[in-house]
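Residue numbers (the numbering used here): 81 to 145.
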């Protein structure tokens with residue numbers, strides 16, 4: 081179940097990118113900025129996961145009972 085929650089966070093970010101790229105009147109350089117932004121977010125997730133910091137994944141930071 082935890083992996084599903086992680087995937088949900090990542091899919092939300094990708095969906096945000098998809099919506100931004102569908103905007104009317106966007107120039108190629110504006111689209112590139114959005115793609116580059118999402119790439120940085122994904123790299124941040126990877127770097128933080130490598131350091132056992134999961135603040136973007138609440139299901140992994142909540143204490144298990």
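In this text, a Cβ means the ideal position worked out from N, Cα and C, and glycines have one as well.
- Is residue 114 near residue 93, with beta carbons less than 8 Å apart? no
- Quick one: grab the DSSP three-state call for residue 105. coil
- Item | Proximity of residue 97 and residue 118 at Cβ, strictly below 8 Å | yes
- Note down the Cα distance separating residue 104 from residue 132, rounded to an integer number of angstroms. 40 Å
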